[in-house]
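Heads up: the structure comes next, in structure tokens.
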Amino acid sequence: MAGQDHTIPWHGARHTIAAVAFGCLILNILSAAPAWAGYLVDLPDGQTVSTSGYWIQGDMLYFAEDRDPVNVYEVQSVRQDALTEADMRDREEAMEEVRSLVAGLLGREEAALKGQEDMMAGITERETTTGTVLDPKERKSLLPGLMSRARAVEDLRAAWSGLRLPDYSLLFARDIKMLQLMSLDASVEQALAYAESGDPTNREYAWEHLRQAVAFQESFREALPWE
87 MAGQDHTIPW
97 HGARHTIAAV
107 AFGCLILNIL
117 SAAPAWAGYL
127 VDLPDGQTVS
137 TSGYWIQGDM
147 LYFAEDRDPV
157 NVYEVQSVRQ
167 DALTEADMRD
177 REEAMEEVRS
187 LVAGLLGREE
197 AALKGQEDMM
207 AGITERETTT
217 GTVLDPKERK
227 SLLPGLMSRA
237 RAVEDLRAAW
247 SGLRLPDYSL
257 LFARDIKMLQ
267 LMSLDASVEQ
277 ALAYAESGDP
287 TNREYAWEHL
297 RQAVAFQESF
307 REALPWE
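Now the structure itself:
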């Protein structure tokens with residue numbers, strides 16, 4: 087209508103401007119803040135991924151969100167970022183759970199390791215006493231125990247590889263343990279070869295791999311974050 091005033095009253099305009107400014111501020115904050123709080127995962131391409139949680143299984147690091155996992159050996163670091171008290175409690179509970187699982191695995195491993203040590207010591211003592219290698223019948227008697235131990239070590243390797251690690255700090259210890267079990271497995275394989283062939287070279291290789299397996303024990307304990 088001609089002559090009608092269409093200007094917005096100052097009082098209303100002021101509220102409109104304030105609302106727009108507040109909205110812009112919120113948008114800026116949201117765009118600058120990580121999409122998730124909790125952890126920052128640094129990748130080799132310089133990208134940092136923010137996540138509310140993660141775990142490591144095998145060679146992969148998995149995110150709590152619907153995001154593709156990444157190769158854990160390509161991860162540069164994992165940093166805590168503003169964990170809440172609830173986050174800290176969840177982490178502690180997860181660490182206690184994996185600690186209990188590790189204790190069970192170590193018990194099984196100790197039995198396999200001691201069995202291999204006792205058998206190798208028995209072979210050495212017998213051959214030292216007689217001055218000859220074990221005869222075929224004596225070597226054949228070793229086969230059932232060795233085959234059972236080979237299966238036990240294989241199961242241990244699978245269990246450690248499939249263990250769900252709740253914290254990046256456990257990765258180094260897990261990898262040391264995998265190397266240790268590889269050495270124990272190699273010792274059992276060489277002992278099997280000796281039992282079948284009587285070749286002293288296989289016996290010596292079995293001893294060498296066993297010594298390597300034992301040597302990894304201290305490194306593993308030092309790498310555990312709760313020791």
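All residue numbers in the sequence shown are consecutive under our numbering, ending with 313. From the three backbone atoms N, C-alpha and C, an ideal C-beta is built for every residue, glycine too. All of these numbers come straight from a predicted model, not from anything done at the bench.
Margin query: Would you call the stretch 295-302 in contact with the stretch 259-272, where contact means no fewer than 3 C-beta pairs closer than 8 Å?
Written below: Flag = yes, the stretch 295-302 and the stretch 259-272 touch.
Notebook entry, point to check: Apart from the five residues just before and just after F302, which ones in its own chain have a Cβ nearer than 8 Å to its Cβ?
Noted result: Once the five neighbours on either side are set aside, the close Cβ partners of F302 are I262, K263, L265, Q266, S269.
Item checked: Three-state secondary structure assigned by DSSP to D154 -> Three-state DSSP puts D154 in coil, outside helix and strand.
Check: The alpha helix (DSSP H) with L318 in it runs from where to where?
Finding: The displayed coordinates of the chain run from 87 to 313. Any statement about residue 318 would go beyond what the structure contains.
Notebook entry, point to check: So, helix, strand or coil for T214, using DSSP?
Noted result: Here DSSP, grouped into helix, strand and coil, assigns T214 to helix.
Check: Across which residues does DSSP place L126 in a beta bridge pair?
Finding: For L126, which the question treats as bridged, DSSP gives the partners S136, R165.
Notebook entry, point to check: When you compare only the Cα positions, how much space is there between L256 and L310?
Noted result: Those two C-alpha atoms are separated by around 7 Å.
Next item on the list: Could you say which of M174, A238, E160 lies nearest to G132 if we only look at CA atoms?
Entry: Its Cα nearest to that of G132, the residue E160 stands out among M174, A238, E160.
Margin query: Using DSSP's beta-bridge definition, name the partner residues of L251.
Written below: DSSP lists I142 as the beta-bridge partner residues of L251.
Notebook entry, point to check: Short check: CB of H136 to CB of D167, under 8 Å?
Noted result: Contrary to the premise, residue 136 reads as Ser rather than His in this sequence. Between S136 and D167, the CB-CB gap stays under 8 Å.
Checklist line | Nearest candidate by alpha-carbon position, reference A279, set A189, A259, K226, D253 | finding: When A189, A259, K226, D253 are compared, the shortest CA-CA separation from A279 is found for K226.
Notebook entry, point to check: Taking all protein chains shown into account, do 16 or more other C-beta atoms lie within 10 angstroms of the C-beta of G208, making it buried, or fewer, making it exposed?
Noted result: By the neighbour-count criterion, in which a residue is buried when 16 or more other Cβ atoms sit within 10 angstroms of its Cβ, G208 is exposed.
Check: From this set, F258, S305, R250, Y291, which residue's C-alpha is nearest S186's C-alpha?
Finding: With distances taken between Cα atoms, S186 lies closest to R250.
Checklist line | Simplified DSSP state of L191, which is helix, strand or coil | finding: Helix, per DSSP.
Next item on the list: Give me the Cα-Cα distance between Y254 and F149, rounded to the nearest whole angstrom.
Entry: Each residue's Cα considered, the two are about 12 Å apart.
Next item on the list: Please state whether DSSP places L147 in a helix, a strand or coil.
Entry: Strand at L147.
Notebook entry, point to check: Where do the ends of the alpha helix (DSSP H) carrying V300 lie?
Noted result: 286-309 is the span of the alpha helix (DSSP H), which, as asked, contains V300.
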